[in-house]
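Asker:
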Amino acid sequence: MVVEPPGAGSGSGSGSGDTARDEPGSHNEINTPSLTQGVQAARIDNLYMSAPPDARHRPWPLAVAAVALLLVGFLVALAFRERTVAGTAVGAPPARATAGADDGTPRTSTTTTDRTSTTTTATSTTTSPTAPPAGGTWWSGDVELDGLGYGGLDFDQARPTARLARAPGSDVEFGTRERLEGHALALWRGDVPPDRARCAEELNRHVGVHRVPVAVGSRVCFATTEGRVGYVEVTRVGADLDNSMTLRGAVWEAP
């Protein structure tokens, strides 16, 4: 098939060109308007298959991303704030308790101070009778010495306790109504009752004495089996068959 451009028939002869254009039903017929419409349709199809130029430069995706970031940041800040508030409410004392110091009365420190001072006072009161200071008075007062019973007294106890005569722990014993016996004795001849230092000195001068004569008004220094020093004064002696005496004295703690 030969296609001649328009006007080519003028050079080759009008007969062949006219026949090619006007013969009905010929297979060599070319419809120019149809070709042009096909090309135009193809161009239109290619034009609408790609995105419009304006769609690639629209700013709405960036705006959506910015809004999303702001929303996420706000939610994170809100969650952190709620967690902080919740932790403070549980871990810290109530606001009323914290503000209680505004009235100038620290309740907690006052209560602690009162308890401490009360405990200290109770402890010192309890320990004073059982632990006197060195050289202090261990015991003082009146005591009965019965010659018909145990016959001896233990002055190392908090209060003088009856002991069998000649038994361990017996410090002063009833010998007769005119005599005292004991672990270590020394007759005190002074006009006033002795103190610990004078009794200790007198005992050192009469080491090994276990018996001394006595009567009402006699004073006798003695040493206990645990090393304490004391003295007794005879204030009463039983008559006839009453083998007993009343003694008044004191015992000092070892220094």
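Per full-length UniProt numbering, the very first residue in the sequence shown carries number 1; after that it's consecutive. Every residue gets a Cβ at the ideal spot worked out from N, C-alpha and C, and that includes glycine.
Whose C-alpha, out of 159, 184, 158, is nearest the C-alpha of residue 166?
Answerer: For the purposes of this step, residue 166 is identified with residue 166 of the sequence shown, where counting begins at 1. Taking only the C-alpha atoms, the option nearest residue 166 is 184.
Asker: Restricting to Cα atoms, I'd like to know which of 160, 143, 200, 186 is closest to residue 220.
Answerer: On the sequence shown, residue 220 is found 220 positions in, with the first residue counted as 1. Closest by alpha carbon: 186.
Asker: Based on the DSSP output, what are the partners of residue 180 in its beta bridges?
Answerer: Your numbering for residue 180 matches position 180 in the sequence shown. Beta-bridge pairing links residue 180 to 174, 212.
Asker: Suppose the cutoff is 8 Å on Cβ atoms and the five residues either side in sequence are ignored; what does the same chain contact list for residue 110 look like?
Answerer: Position 110 of the sequence shown holds residue 110. Because the pLDDT at residue 110 is just 41, under 50, the model does not fix this residue reliably, and the value given afterwards should be weighed accordingly. Once the five neighbours on either side are set aside, residue 110 has no close Cβ partner at all.
Asker: Considering only DSSP beta bridges, list what residue 222 is partnered with.
Answerer: On the sequence shown, position 222 is the one that residue 222 refers to. Answer is 185, 230, bridged to residue 222.
Asker: Who are the Cβ neighbours of residue 236 in its own chain at under 6 Å, not counting the five residues just before and after it?
Answerer: Translated into the one-based positions of the sequence shown, residue 236 becomes position 236. So the qualifying residues of the chain are 246.
Asker: Which of the three DSSP states, helix, strand or coil, is assigned to residue 249?
Answerer: Numbered from 1 along the sequence shown, position 249 holds the residue referred to as residue 249. Reduced to three states, the DSSP call for residue 249 is strand.
Asker: Under a three-way DSSP split, which group does residue 241 fall into?
Answerer: For the purposes of this step, residue 241 is taken as the residue at position 241 of the sequence shown. Residue 241 falls in the coil class under three-state DSSP.
Asker: Please confirm whether residue 160 and residue 139 have their CB atoms less than 9 Å apart.
Answerer: Position 160 of the sequence shown, counting from 1, holds the residue named residue 160. Position 139 of the sequence shown, counting from 1, holds the residue named residue 139. Yes.
Asker: Count the CB pairs spanning the segment 188-197 and the segment 205-212 that are closer than 8 Å, and state whether there are at least three.
Answerer: The segment 188-197, when compared against the segment 205-212, does not touch it at the 8 Å Cβ threshold.
Asker: Looking at residue 153: is its Cβ nearer than 9 Å to the Cβ of residue 244?
Answerer: Here residue 153 refers to the residue found at position 153 of the sequence shown. Here residue 244 refers to the residue found at position 244 of the sequence shown. No; because the gap between Cβ atoms is not below 9 Å, this pair is not in contact.
Asker: Please state whether DSSP places residue 122 in a helix, a strand or coil.
Answerer: By one-based count along the sequence shown, residue 122 stands at place 122. The pLDDT assigned to residue 122 is 32, lower than 50, so where the model puts this residue is not dependable; a value taken from the coordinates is nonetheless given after this. Residue 122: helix per DSSP, three-state reduction.
Asker: Residues bridged to residue 163 by DSSP?
Answerer: For this step, residue 163 is matched to residue 163 along the sequence shown. Residue 163 is bridged to 152.
Asker: Residues in the same chain with beta-carbon distance under 6 Å from residue 78, minus the five sequence neighbours each way, listed in chain order, please.
Answerer: Looking up residue 78 in the sequence shown gives position 78. Excluding residues within five positions, none has a Cβ falling inside 6 Å.
Asker: Terminal residues of the continuous beta strand (DSSP E) containing residue 141?
Answerer: As a working mapping, residue 141 is identified with position 141 in the sequence shown. Segment 137-146, the beta strand (DSSP E) holding residue 141.
Asker: Alpha carbon to alpha carbon, how far is residue 141 from residue 251? Give it in angstroms, no decimals.
Answerer: To locate residue 251, count along the sequence shown from 1; it is residue 251. To locate residue 141, count along the sequence shown from 1; it is residue 141. Distance between the alpha carbons of residue 251 and residue 141 is about 9 Å.
Asker: Near residue 248, what residues of its chain come up, given a Cβ to Cβ distance below 6 Å and the 5 sequence neighbours on each side ignored?
Answerer: Walking along the sequence shown from the start, residue 248 turns up at place 248. The answer, listed in chain order, is 142, 233, 235.
Asker: Could you give the DSSP three-state label for residue 49: helix, strand or coil?
Answerer: As a first step, residue 49 is located in the sequence shown; it is residue number 49 there, counting from the start. Residue placement at residue 49 cannot be trusted, given a pLDDT of 48 that sits under 50; the coordinates are not used to answer.
Asker: Checking 9 Å against the spacing of the C-beta atoms, do residue 214 and residue 180 come in under that value?
Answerer: Along the sequence shown, read from residue 1 onward, the residue named residue 214 stands at position 214. Along the sequence shown, read from residue 1 onward, the residue named residue 180 stands at position 180. A contact, by the Cβ cut-off of 9 Å.
Asker: Excluding the five sequence neighbours on either side, which residues of its own chain have a C-beta within less than 8 Å of the C-beta of residue 231, listed in chain order?
Answerer: Along the sequence shown, one-based indexing puts residue 231 at 231. These residues qualify, in order along the chain: 188, 193, 194, 199, 219, 220, 221, 222, 249, 250.
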